[in-house]
């Protein structure tokens, strides 16, 4: 393989997507850049998805299929990382797809700028419309500068990542989490990144399916994720502002669930020492101000705001 043409390993977890999987794979087969490998991880899918993977693998030697017992998206992605051979890694969800020139554009950028990672925009597609979501073009930054710019993708898809960094620091997705596993992986990668850039171009298509089995987060799920996020914040202070906002969102969701004692929520809040951040909503931005006066009042106001 030429050092001027880095091979990209594309990891696709597969579970109950027989209706959507061919479009995903076809978008990769149609890439103008040819030097890639596709790792299809059949996560114990009960439908015909596994057979579809095998059929495509017979058509193109760049496709490798791994069948495993169901263990969740993180375990599937981790298995893909264990077997990836590429210089860079890209993650694609099995019901999404790429623009035809996505890989070529990525390769051109990482080669020209010697990047450790590149992120780019995406188009969100529903049954009724399409919405292009693209952030501002960034200069080449290190991980700390990049996260402080607050201009990054929080999901692991929509970018490519240098595999050498992933392997050197043994980065993997936490299998026990059902929430925030993407963010924890991305933040862990940023921590070790010297050269990263955001490209203001939408090259990923994200399908929001009305028939998908949307995971309803439980308070137990959120508590586990909070523990991981707080640990990440302590290990890398640059991530604190972003993690503060996630902790507040989880606390507000747990208040809505009404099944976690206020004392426990206050403990999490104080443990993170939530300070200053850019909130997603106006009320989220106000929560720390109310909590500074009285945490329990902040929780009661949140209940009223959420219509409880």
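In the numbering used here, the protein residues as written are 430 to 737. Beta carbons: idealized from backbone N, C-alpha and C, even for Gly.
Margin query: So for residue 466, helix, strand or coil by DSSP?
Written below: strand
Next item on the list: Take the Cβ of residue 487 as the centre, count every other Cβ of all protein chains shown within 10 Å, and call the residue buried at 16 or more, exposed below.
Entry: exposed
Next item on the list: Indicate whether residue 527 and residue 536 have their beta-carbon atoms separated by less than 8 Å.
Entry: no
Next item on the list: In angstroms with no decimal places, state the Cα-to-Cα distance between residue 670 and residue 700.
Entry: 14 Å
Margin query: If I follow the unbroken alpha helix (DSSP H) through residue 591, where does it start and stop?
Written below: Note, residue 591: premise wrong, no alpha helix (DSSP H); beta strand (DSSP E) at 588-591.
Checklist line | Sequence-distant residues of the same chain with beta carbon closer than 6 Å to residue 642, five excluded per side | finding: Any reading at residue 642 must be qualified, since the residue scores a pLDDT of 44, below 50, and its modelled position is unreliable; the value itself is stated next. Answer for residue 642: no residue qualifies.
Next item on the list: Evaluate residue 436 with the Cβ neighbour count: other Cβ atoms within 10 Å of its Cβ, from every protein chain shown; 16 or more gives buried, anything less gives exposed.
Entry: buried
Checklist line | Residue span of the alpha helix (DSSP H) that contains residue 562, given as start and end | finding: Careful: residue 562 lies outside any alpha helix (DSSP H), inside the beta strand (DSSP E) at 559-562.
Next item on the list: Ignore the nearest five residues each way along the sequence and tell me which others in residue 636's own chain have a CB closer than 6 Å to its CB.
Entry: 524, 525 and 554
Next item on the list: Please name the residue, chosen from 723, 474, 442 and 685, that lies closest to residue 467 on a Cα-to-Cα basis.
Entry: 442
Checklist line | C-alpha gap between residue 516 and residue 591, whole angstroms | finding: 6 Å
Checklist line | Neighbour-count burial assignment, residue 735, 16 or more Cβ in a 10 Å radius | finding: exposed
Checklist line | Whole-angstrom C-beta distance between residue 730 and residue 719, which should lie under 8 Å | finding: 6 Å
Notebook entry, point to check: Buried or exposed: which applies to residue 666, given that a residue is buried once 16 or more other Cβ atoms fall within 10 Å of its Cβ?
Noted result: exposed
Notebook entry, point to check: What did DSSP end up calling residue 497 once you bin it into helix, strand or coil?
Noted result: strand
Check: In whole angstroms, what separates the C-alpha of residue 599 from that of residue 726?
Finding: 43 Å
Check: In chain order, what residues of the same chain lie with their CB nearer than 6 Å to the CB of residue 561, ignoring the 5 residues before and after it?
Finding: 552 and 631
Notebook entry, point to check: When you compare only the Cα positions, how much space is there between residue 626 and residue 519?
Noted result: 15 Å
Notebook entry, point to check: Alpha carbon to alpha carbon, what distance is there between residue 475 and residue 572?
Noted result: 40 Å
Next item on the list: Report the rounded CA-to-CA distance for residue 677 versus residue 546, giving the unit in angstroms.
Entry: 28 Å
Note to self: With distance defined between alpha-carbon atoms, name the residue in 686, 697, 681 and 696 nearest to residue 716.
What the structure shows: 681
Next item on the list: Measure the Cβ-Cβ separation of residue 509 and residue 496 and say whether it is below 8 Å.
Entry: no
Check: Where do the ends of the beta strand (DSSP E) carrying residue 442 lie?
Finding: 437-443
Notebook entry, point to check: Do residue 532 and residue 485 come within 8 Å of each other at the CB atom, strictly closer than that value?
Noted result: no
Check: Can the beta-carbon of residue 604 be found closer than 8 Å to that of residue 504?
Finding: yes
Next item on the list: Rank 548, 507, 675 and 713 by C-alpha distance to the C-alpha of residue 589 and give the top, closest one.
Entry: 548
Item checked: residue 731, enclosing alpha helix (DSSP H) - first and last residue -> 724-734
Next item on the list: Leaving aside the five residues before and after residue 614 along the sequence, list all residues of the same chain whose C-beta is less than 7 Å from its C-beta, in chain order.
Entry: 585, 600 and 602
Check: In the DSSP assignment, what are the bridge partners of residue 526?
Finding: 634
Checklist line | N-terminal and C-terminal residue of the alpha helix (DSSP H) that residue 504 is part of | finding: 502-512
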